Amino acid sequence: MSSHTVDVGRGTRIRRLRRGSIWPRNAGAGENAGMDTDHGTPDHVAGTPDTDSDASTPAPEPRTPTGSVETTKAGPLLHLARELQHPPTVVWDHLTDPTLLGGWYGTWTGEPSSGSVQLAMVEAPDSPGECRIRRCERGHALEVTLADPEGNAWQLDLGLAERPDGGTHLTFQQSLGGFEGMAADVGPGWEYYLDRLAASLDGRDVESVVWEAYWPHQREHYAVGSPGRADSSD
């Protein structure tokens, strides 16, 4: 793979994806942006799986949230990390190779050397969005900006560090400045996708990672201003 190839994703999508867009409705319009008023949950936030509930399927065991939201001058900053039993070069390929990326998140088309590609999630292959590459250091760092149709910018930063045992310490950050109302859903969404990444790396079935294990119970942990939210600021 070229060191310019790119991946990664965009926030979270709650409930069912409405085909035709992978971007949040009314992004940054406040706490109730994109809300389905009949249910009190975000109606359309990019990134969440398109799944149908089955009453006969046992509820999955809830996953404990692992990340935090830091208060910064630029707004909330989402932090997540994963310890992966694979070297950084292998993890990098799962983040940037369009085929491997497509196994757990989405795929991209275009020429990375131009500075941007078109990224489409697996749930919305016909609705790609622009992914601008800000930094790309093979096996170390990948920073991208995803521009939605209304011009809002989603900044995602991933870092890879080799551990003493040869595995990888992966860090993920997303700036939520202007998207405060979505923090409660963006956090669980990235927990879900990073666990799908881990499953893909391990050769496990990514579909064994079930969205309902993350949402809605993780919402309070990540909601900006919520008493249950983890905040890493002093």
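UniProt numbering puts the first residue of the sequence shown at 1, with every later residue one more than the last.
Yeah, the Cβ is synthetic: ideal placement off N, Cα and C, and Gly gets one too.
Just so we're clear, the structure is a prediction, and the values are computed from it rather than from any experiment.
{"Check": "Sufficient close CB pairs (3 or more, under 8 Å) joining the region 73-86 to the region 163-174", "Outcome": "yes"}
{"Check": "For Gly68: DSSP bridge partner residues", "Outcome": "Rather than Gly, the amino acid found at residue 68 in this sequence is Ser. His79."}
{"Check": "Alpha carbon of Arg163 to alpha carbon of Gly189, nearest angstrom", "Outcome": "26 Å"}
{"Check": "Beta-bridge partners of Gly129, as assigned by DSSP", "Outcome": "Leu119"}
{"Check": "Best match in Thr66, His79, Tyr105 for proximity to residue 235 [C-alpha to C-alpha]", "Outcome": "Beyond the ends of the chain as shown, which are 1 and 234, falls residue 235; an answer cannot be given."}
{"Check": "Through-space distance from Gly139 to Met35, alpha-carbon basis", "Outcome": "The predicted position of Met35 is uncertain, since its pLDDT is 31 and thus under 50; no value can be drawn from it."}
{"Check": "Beta-bridge partners of Ser175, as assigned by DSSP", "Outcome": "Leu77"}
{"Check": "Nearest to Leu176 (by Cα), restricted to the options Thr64, Ala74, Thr66, Glu61", "Outcome": "Ala74"}
{"Check": "Proximity below 8 Å, CB of Pro65 to CB of Glu143", "Outcome": "no"}
{"Check": "Whole-angstrom distance between Ala147 and Asp156, CA atom to CA atom", "Outcome": "Correcting the residue identity first, residue 156 is Leu in this sequence and not Asp. Cα-Cα distance, rounded: 11 Å."}
{"Check": "Cys131 beta carbon less than 8 Å from that of Ser116", "Outcome": "yes"}
{"Check": "Classification of Thr99 by the beta-carbon crowding that lies within 10 angstroms, buried from 16 upward", "Outcome": "exposed"}
{"Check": "DSSP beta-bridge partners of Arg135", "Outcome": "Glu143"}
{"Check": "Buried or exposed by the 16-neighbour rule on C-beta atoms within 10 Å, applied to Val224", "Outcome": "buried"}
{"Check": "Member of Val209, Glu70, Thr109 whose CA lies at the smallest distance from the CA of Ala120", "Outcome": "Thr109"}
{"Check": "Neighbour-count burial assignment, Asp185, 16 or more Cβ in a 10 Å radius", "Outcome": "buried"}
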